[in-house]
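**Q** Next up is a structure, given as structure tokens.
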Amino acid sequence: MKHLRNIVTLIALMTGVAATAQKVYNEGTVTYNVVVSTGSNQAKAADLLDGATQKVFIKGQMTRSELKSILGTGITLRDTKSGTGVTINEYGDDKVLIRMNKAEYDDANKKYVGIKFELKDETKTILGYNCKLAIATLNDGKSTFRVYYTTDLVFQNKDYGPQFNGLPGFPLEYEAEIGTMRVTYKADKISFDPITAALFDLPKAGYREMTYEEVKKLRTKN
Numbered sequence: 008m009k010h011l012r013n014i015v016t017l018i019a020l021m022t023g024v025a026a027t028a029q030k031v032y033n034e035g036t037v038t039y040n041v042v043v044s045t046g047s048n049q050a051k052a053a054d055l056l057d058g059a060t061q062k063v064f065i066k067g068q069m070t071r072s073e074l075k076s077i078l079g080t081g082i083t084l085r086d087t088k089s090g091t092g093v094t095i096n097e098y099g100d101d102k103v104l105i106r107m108n109k110a111e112y113d114d115a116n117k118k119y120v121g122i123k124f125e126l127k128d129e130t131k132t133i134l135g136y137n138c139k140l141a142i143a144t145l146n147d148g149k150s151t152f153r154v155y156y157t158t159d160l161v162f163q164n165k166d167y168g169p170q171f172n173g174l175p176g177f178p179l180e181y182e183a184e185i186g187t188m189r190v191t192y193k194a195d196k197i198s199f200d201p202i203t204a205a206l207f208d209l210p211k212a213g214y215r216e217m218t219y220e221e222v223k224k225l226r227t228k229n
């Protein structure tokens, strides 16, 4: 009986060591390469995303998602605490800034409300991290995408994006749609170097500011 108690104690200690060994990061940068999966009729459109990258900066309660391609740069700033967001688009000479309060940000991402993840047994290693496959289904019950996530990488700010609400880990590879194209984001680099707070500052000049409602009306017309 005493021997059994010793074994149980040893297992508990080992479990405790493993749990405390998992570091929770307050800031970091994840760089994704963007790969387009498309048919021949979309080849020209796909060329516009050739070599595109996305960087996600996480610092405290703030996140910055930055998609760069030969078309230009699209940036989304997100304050997790207030729920607000800002979109900054730089495409050629057209530079637009759109502020969103919490209700507007939620409306812009309403297709992800109620997203569900079916966890699979399939695994793969990405940048040395053990990843598991999950199949996401949107609230329309039809739209799906694949995502490989890891539980070995933990940030204090778990707002990785509205499309990952409820995902039990950090996404290192996932599918998405840009227009009519299906693309895959795959993590290429992870850095835990300090991030300057200036990355989350808004530009003071040179941008045409539009309201979320104005942008929404334009999209409806198109």
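To get the working numbering, take the position in the sequence shown, counting from 1, and add 7. The beta-carbon is built from N, C-alpha and C at its ideal position, and this holds for glycine as well. Just so we're clear, the structure is a prediction, and the values are computed from it rather than from any experiment.
1) What number of angstroms, rounded off, separates the C-alpha of Asn108 from the C-alpha of Gly90?
2) By DSSP, does Asp86 sit in helix, in strand, or in coil?
3) Can you check which of these residues, Gln68, Glu182, Lys102, Gly213, is closest to Gly92 by C-alpha distance?
4) So what does DSSP say about Thr203, is it helix, strand or coil?
5) What are the partner residues of Asn289, as DSSP defines its beta bridges?
6) Rounded to the nearest angstrom, what separates Ser72 and Glu125 at their Cα positions?
7) What residues in its chain sit with their C-beta under 7 Å from that of Gly99, if we drop five residues either side in the sequence?
8) Going by CA-CA distance only, name the one from Thr130, Arg106, Thr83 that's closest to Thr218.
9) What residues in its chain sit with their C-beta under 7 Å from that of Asn164, if we drop five residues either side in the sequence?
10) For Tyr242 and Glu97, I'd like the C-alpha separation in whole angstroms.
**A** Walking through what the data contain:
1) 7 Å
2) strand
3) Gln68
4) coil
5) Coverage of the chain is limited to positions 8 through 229, which leaves residue 289 absent and any answer about it impossible.
6) 26 Å
7) Gly79
8) Arg106
9) Ile65, Gly67, Gln68, Thr70, Thr87
10) Residue numbering for the chain in the displayed model covers 8 to 229; residue 242 lies beyond these limits and cannot be assessed.
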